[in-house]
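Residue numbering for the sequence shown follows my numbering, starting at 303 and increasing by one per position. Each residue gets a CB set at the ideal place from its N, CA and C atoms; glycine is no exception. Note that the structure is a prediction, hence the values are computed from the model and not measured. Comments concern the structure below.
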Amino acid sequence: MSISTKESILLLFERPYEPIYFPKGPNGIVLRPPPELLSNREREVVDSLPSRFGPPTTTVAVAGLPAEPSTPVSLVPPAPGEPPLPDAILNARELPRLANFSVFVPWHRRLAGGLIELFMAAGDEEELRSLAVAVHGLCNPQLFVYALSVALLHRPDMRDLALPSFVSTMPGRFLASDAIRRAYLEANLTDTQREVVLIPRNWTANDEEPEHRLAYWREDVGINVHHWHWHLVYPSQAPRAIVQKDRRGEMFYYMHQQIIARYNFERFSVGLGRVRRLGSFREPLREGYYAKLTPNIARDLGYAGRPDNATISNVSRELERVFLDISDLERWETRIFDAIHSGEYINARGERTPLTEETGIDILGDIVEASVLTPNPNIYGDLHNMLHFFIGTCHDPTGKHQEQIQAVTEPATAMRDPVFYLMHAYIDDIFREYKNTLQPYSEAQLGLPGVALTAMSVQTSTVPGEQAPPAPGVLRTFLQESDIELSRGLDFAPRGPTLVRVQHLQNAPFDYTFSVQNATGAAKRVTVRVFLAPQTDERGIPLRFADHRNYFVEVDKFVATVAPGASELKRSSAQSSITIPWEQTFRDVDTNRPPDNTPQQQDFSFCSCGWPQHMLLPRGNAEGLPCVLFAMLTDYELDKVEGSESQEGGRCKAAVSFCGLRDKRFPDRRPMGFPFDRLPRNADHYLRQFMAALDNMRAVDVTVQFTNRVLLRRLDGAAEATPVTS
Ligand code: CUO
């Protein structure tokens, strides 16, 4: 069996804790590193491998590091018997192989940034593979997977590669450790004896903890994969060309703001109030959390838990090289608020520079996050990343117990912890404070003369197992069980398919119909913006627009042409600009990969960024949660961005609103979240008054009704008619 150089690079994601020279892939390919990268003992092991695993079909000899690499090699002379290695690898070797890696840790970010730069600079596929093999063999596997993933997503020559789902590569970050342990037991059985491993319910807490009502949402594998993937597409430290994506800081603000809005919507669905905002760095964190995940399968060191009412302390952890005080966070916060209220920030040269209406939110996003784009790290520090770290080490702030970080300190797991939402609600509040300093939108900015949205409706398709479709305006959710293949991530286990079954929220597909009256006398291109929000607050009291706007979640945004006169636009929920289908989130690259050199193969990797389709809607409740569906038509001529005309982001289903378009500018000139990102002109107004004089907007009442039935996923992805339980 032959394998291309490129495809053999993907094999490096498989079972990342196993030594590099173990057989990989369904065909047992062995990537054999050059002898100088192996110790004497390893060389002996490599020679004995064919008899240990049965004959591998192919051994691929990987070239040594180039004598004159495209990347700078270390100036430090190698130790006796060691090959000369690039600086980035020498530095990365200082992170212990079995430590947990996180991009929220500045030292880890620097190590990753160095490796990404190294991988990006490799002259060709062969050189990239040699470097990747060297890093795989010598460095921390979590760091390796992160850095190589970012590089493969951004190298032009690798864009047709389909990265495997991270759930299958590193299942310990996404699935309960108990299920992983049972998967190991199953993996030891023959193919016919193996059974699907069921993920236990109520694994992380019980109903005594009110926040546990939302565990189904926070611990959803799909939203956690989305968050991890988003941080891969938007790394905070890497070569500048990768970090400096169009409106990156604004995207950081908007994507996370939408997560908070969605979380609050979900809270209302289960009868909880809006999420509490972290008010002070010194207050007790009522919400404890025990993730029960073992991200590092080779070593039984799970993420640490956090008891109820923990408080953060000054941090002095040699383990991650972080030495900071709470007063540092407070100083950064004060300076950020100074910038917001004075309308000026201090740039790298120490000059006061205006935060303009055009780019202010983007710069503020860079400052608050903070990525390498932050204009003045001495002044503004590293507020958001360090909050993840301070909270996530509050159980052992000096590291004297040698305890691991908590789940909240790593993007792949942070969204599982209730404290993530307190913390990001606080971050969101900073951005809102800034947005509140901007002029409210005028009618001219909000309107679209001559074009009216005269009616809007939604029709949900028949829920499997029911006789008729729901009434118009009723959106439907239920539970579903789906299987995920894990064997690529079960280091040291026997090979062969091993499945786990997860239970998750799902929604029935639905279609929108928009009736449009175009009196301009000519065809008109419009952007259609569609949002959903709860009708009232948690107590059932109508929300004034100034507050209501914070609960609107984007469900779609698309461009359409409306003919003169009356016409209808149709759109299906599956086309949403924020979501990707289940298959893209959990892609099994061995069985679902598009044929080589086909259009479908292009951009396949980038396609994995997006909110999962099964989480498009909030859960709702049994009676039907009263919601408002809002749509707005705007003039595409004013929205469009040169060079980003295509909404579809290449040849895959793109989640443009959350992930942008690959190598293009963000395809909508308006502020992200428009028109809900600013205060209204009249603070006392409600949504209907905000819309009153504007024919291009419409809001209709809908409900989201949840049925507590579990349906099984058919092989074609649809839900089975027969429920597993009812
Ligand atoms: Cu995504 Cu704080 O940035 O979690």
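Regarding residue i and ligand 1, is the C-beta to nearest heavy atom distance less than 8 Å?
| i | result |
| --- | --- |
| P720 | no |
| A716 | yes |
| F468 | no |
| H703 | no |
| M725 | yes |
| E346 | no |
| I562 | no |
| H531 | no |
| W671 | In the sequence as presented, Trp is not what sits at residue 671; that position holds Glu. Answer for E671: yes, Cβ within range of ligand 1. |
| P713 | yes |
| H558 | yes |
| F625 | no |
| H697 | no |
| I729 | yes |
| H528 | no |
| V554 | Here residue 554 turns out to be Phe, not Val, going by the sequence shown. It does: the Cβ of F554 is within 8 Å (strictly closer) of some heavy atom of ligand 1. |
| H806 | no |
| F406 | yes |
Can you grab the Cα-Cα spacing for the pair residue i / residue j, in whole Å?
| i | j | result |
| --- | --- | --- |
| R412 | L781 | 41 Å |
| R584 | H697 | 14 Å |
| F692 | A363 | 45 Å |
| P597 | R576 | 31 Å |
| S763 | K737 | 39 Å |
| H558 | H528 | 12 Å |
| L595 | F446 | 20 Å |
| P512 | M422 | 46 Å |
| S874 | D986 | 35 Å |
| L580 | R483 | 36 Å |
| A848 | G842 | 17 Å |
| H410 | E885 | 31 Å |
| I638 | V670 | 8 Å |
| F315 | M460 | 15 Å |
| D349 | L788 | 29 Å |
| E939 | R827 | 7 Å |
| G645 | R654 | 9 Å |
| Y536 | F324 | 32 Å |
| T900 | A464 | Low local confidence applies: a pLDDT of 48 at T900 is under 50, so the model's placement there is unreliable, with the coordinate-based value given in what follows. Rounded to the nearest angstrom, the two C-alpha atoms are 13 Å apart. |
| D389 | V437 | 12 Å |
| N1010 | F554 | 34 Å |
| D610 | V721 | 11 Å |
| S674 | I544 | One detail in the question is off: residue 674 reads as Val in this sequence, not Ser. If I take the Cα positions, the gap works out to 11 Å. |
| E870 | R718 | 41 Å |
| I331 | P318 | 15 Å |
| L454 | P321 | 21 Å |
| S467 | R790 | 10 Å |
Mapping DSSP to helix, strand and coil, what is residue i?
| i | result |
| --- | --- |
| F403 | coil |
| Y319 | coil |
| D627 | coil |
| C961 | helix |
| Q877 | helix |
| I638 | helix |
| S432 | helix |
| I391 | helix |
| F446 | helix |
| W505 | coil |
| P772 | coil |
| S618 | strand |
| S759 | strand |
| E521 | coil |
| V469 | helix |
| L339 | helix |
- Query: Can we say the stretch 798-816 touches the stretch 772-781, given the rule of at least three CB pairs closer than 8 Å?
  - Reply: Because the criterion of three Cβ pairs below 8 Å is met, the stretch 798-816 and the stretch 772-781 touch.
- Give a yes or no on contact between the stretch 695-715 and the stretch 669-682, applying the rule of three or more CB pairs nearer than 8 Å. Short answer: they don't touch.
- Query: Per the contact definition of three or more C-beta pairs closer than 8 Å, is the stretch 918-930 in contact with the stretch 766-780?
  - Reply: Contact holds: three or more Cβ-Cβ distances are below 8 Å.
- Touching by the beta-carbon criterion (3+ pairs, under 8 Å), the stretch 335-350 and the stretch 305-320: By the Cβ test, the stretch 335-350 is not in contact with the stretch 305-320, since fewer than three Cβ pairs between them sit closer than 8 Å.
- Take every Cβ of the stretch 811-820, pair it with every Cβ of the stretch 750-758, and state whether three or more of those distances are shorter than 8 Å. By the Cβ criterion, the stretch 811-820 is in contact with the stretch 750-758, since at least three pairs of Cβ atoms, one from each stretch, lie closer than 8 Å.
- Task: Evaluate contact between the stretch 831-842 and the stretch 855-865, counting only Cβ atoms and requiring at least three cross-stretch pairs below 8 Å.
- Result: Counting Cβ pairs under 8 Å, three or more are found: they touch.
- Message: I'd like to know if the stretch 515-526 and the stretch 933-947 are in contact, where contact means that at least 3 CB-CB pairs between them fall below 8 Å.
- Response: No: fewer than three Cβ pairs fall under 8 Å.
- Message: Does the structure place the stretch 789-797 close enough to the stretch 482-500 that three or more beta carbon pairs sit under 8 Å?
- Response: With three or more CB-CB distances shorter than 8 Å, the stretch 482-500 counts as touching the stretch 789-797.
- Query: Would the stretch 394-405 and the stretch 647-666 be scored as touching if the rule is three or more Cβ pairs under 8 Å?
  - Reply: The way I'd put it, the stretch 394-405 doesn't touch the stretch 647-666; fewer than three beta-carbon pairs between them come closer than 8 Å.
- Message: If we require 3 or more residues per run, which beta strand (DSSP E) segments fall completely within the stretch 633-717?
- Response: Annotation note: the stretch 633-717 contains the following uninterrupted beta strand (DSSP E) runs of length 3 or greater, listed N- to C-terminal: 646-648 and 654-656.
- Task: Ignoring anything shorter than 4 residues or poking outside the stretch 811-840, list the alpha helix (DSSP H) runs there in chain order.
- Result: Those alpha helix (DSSP H) runs which fall completely within the stretch 811-840 and span 4+ residues do not exist here.
- Three or more C-beta pairs closer than 8 Å, one from the stretch 956-966 and one from the stretch 993-1012: is that the case here? Three or more Cβ pairs closer than 8 Å define a contact, and the stretch 956-966 falls short of that threshold against the stretch 993-1012.
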